[in-house]
Amino acid sequence: GTVLKGMALVVVPFLPASGLVRVGFVIAERILYIPSLGFCFLVAVGFYRLMNGCRGVSRKLCGLGIVVTCVLLAARTHQRSSYWANEHLLFRSALRVVPGNAKVHYNIARLATDEGDRTTAFQFYRQAIELYPEYEAAHMNLGNLYRDEGKYELALKHLKKAIEIHEDFHTAWMNLGIVYAAMKNHAEALVCYQRALQRQKHYPNCVFNLGNLYNDMGNASLALTTWNETVRQDPQH
Numbered sequence: 001g002t003v004l005k006g007m008a009l010v011v012v013p014f015l016p017a018s019g020l021v022r023v024g025f026v027i028a029e030r031i032l033y034i035p036s037l038g039f040c041f042l043v044a045v046g047f048y049r050l051m052n053g054c055r056g057v058s059r060k061l062c063g064l065g066i067v068v069t070c071v072l073l074a075a076r077t078h079q080r081s082s083y084w085a086n087e088h089l090l091f092r093s094a095l096r097v098v099p100g101n102a103k104v105h106y107n108i109a110r111l112a113t114d115e116g117d118r119t120t121a122f123q124f125y126r127q128a129i130e131l132y133p134e135y136e137a138a139h140m141n142l143g144n145l146y147r148d149e150g151k152y153e154l155a156l157k158h159l160k161k162a163i164e165i166h167e168d169f170h171t172a173w174m175n176l177g178i179v180y181a182a183m184k185n186h187a188e189a190l191v192c193y194q195r196a197l198q199r200q201k202h203y204p205n206c207v208f209n210l211g212n213l214y215n216d217m218g219n220a221s222l223a224l225t226t227w228n229e230t231v232r233q234d235p236q237h
């Protein structure tokens with residue numbers, strides 16, 4: 001009965017992420033929090049039965065082995081915890097463990113972008129796409145990097161690819177509009193902003209960019225109306 005309870009604590013909480021039933025989240029370490037309680041419970045039961053089954057010197061050796069095992073696992077836990085000190089250590093640690101994981105490369109690229117390290121960002125976004133060609137978010141962010149460098153044709157290529165992969169990717173539609181606006185292709189920019197807003201009604205960033213487009217087109221009145229809508233949607237914008 002005790003072992004069965006421990007097994008249930010391991011198996012039942014893990015079922016939603018087992019793949020038997022489709023759920024709206026990906027497998028991650030957090031899915032193992034409750035199952036790990038069941039695992040620890042089973043280990044404790046095993047140690048207890050092992051100790052009860054030993055006598056004399058064997059019992060002492062078993063006890064020593066248990067202590068040494070706990071010390072080694074505690075040391076490993078402390079080492080693993082150090083990887084969580086910051087995102088750099090965490091993502092680089094993950095890269096060593098799963099070098100072929102596109103998500104890890106994407107996270108390193110995103111962090112590098114936030115820190116202004118564009119060379120690293122370009123490198124790891126490209127690697128993420130090489131590992132997973134249908135990675136729409138990586139295509140979009142790589143397109144944004146090319147846009148910031150004024151390489152509009154390359155930016156268009158990757159943003160269009162992101163939309164081809166995921167047609168309702170409203171952020172990619174907005175960023176595609178920003179590229180067209182930078183190229184002074186106002187008609188295409190307008191279409192892209194409108195398609196982004198069709199997919200995401202409450203989208204102050206896109207509404208703001210639409211206002212900028214109207215202003216560039218010389219329609220100050222419509223630009224002002226659109227900017228007012230931006231503030232209505234997000235008073236802190």
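In this text, residue positions in the sequence shown follow the UniProt record's numbering: the first is 1, and each later residue adds one. Here a beta-carbon is modelled for each residue, glycine too, at the ideal position from N, C-alpha and C.
Please go through the same chain and pick out, in chain order, the residues whose beta-carbon is closer than 6 Å to the beta-carbon of residue i, but skip the five residues on each side of it.
i: residue 13; result: 34, 35
i: residue 38; result: 6, 9, 10
i: residue 217; result: 186
Nearest to residue i by CA position, among the options, is which residue?
i: residue 46; options: 62, 221, 203; result: 62
i: residue 112; options: 103, 123, 102; result: 123
i: residue 66; options: 169, 57, 44; result: 44
i: residue 174; options: 108, 190, 157, 183; result: 190
i: residue 255; options: 133, 126, 177, 132; result: With the chain covering only 1 through 237, there is no way to say anything about residue 255.
i: residue 83; options: 97, 64, 68; result: 97
i: residue 100; options: 126, 89, 57, 115; result: 126
i: residue 207; options: 48, 115, 235, 32; result: 235
i: residue 115; options: 137, 133, 130, 88; result: 88
i: residue 41; options: 3, 220, 50; result: 3
i: residue 137; options: 149, 150, 170; result: 170
i: residue 209; options: 193, 221, 50; result: 193
i: residue 92; options: 108, 50, 77, 56; result: 108
Which term fits residue i, buried or exposed, when burial requires 16 or more other beta carbons within 10 angstroms of its beta carbon?
i: residue 52; result: exposed
i: residue 128; result: buried
i: residue 224; result: exposed
i: residue 30; result: exposed
i: residue 75; result: exposed
i: residue 195; result: buried
i: residue 139; result: buried
i: residue 86; result: exposed
i: residue 106; result: buried
i: residue 161; result: buried
i: residue 70; result: exposed
i: residue 228; result: exposed
i: residue 48; result: exposed
How close, in whole Å, do the beta carbons of residue i and residue j come, if the pair is a contact with beta carbons under 8 Å?
i: residue 247; j: residue 163; result: Residue 247 lies beyond the stretch modelled for the chain, which goes from 1 to 237, so this question has no answer here.
i: residue 110; j: residue 141; result: 7 Å
i: residue 94; j: residue 135; result: With 8 Å as the limit, residue 94 and residue 135 do not qualify as a contact, their Cβ atoms being about 16 Å apart.
i: residue 143; j: residue 158; result: 3 Å
i: residue 237; j: residue 230; result: 5 Å
i: residue 145; j: residue 182; result: Between residue 182 and residue 145 the Cβ distance is about 14 Å, and since that is not below 8 Å, they are no contact.
Counting only the same chain and skipping the five closest in sequence on each side, list residues whose C-beta sits under 8 Å from that of residue i.
i: residue 168; result: 199
i: residue 233; result: 202, 203, 204, 207
i: residue 131; result: 100, 101, 102, 105
Excluding five sequence neighbours on each side, which residues of the same chain lie with their C-beta closer than 7 Å to the C-beta of residue i?
i: residue 179; result: 147, 152, 155, 156, 159
i: residue 90; result: 83, 84
i: residue 188; result: 180
I want to check one thing, is the minimum distance from the CB of residue i to the heavy atoms of the ligand SAH below 7 Å?
i: residue 13; result: The ligand SAH is not part of this structure, which contains no ligands at all.
- Query: Okay, do the region 196–204 and the region 213–225 touch, 3+ Cβ pairs below 8 Å being the bar?
  - Reply: no
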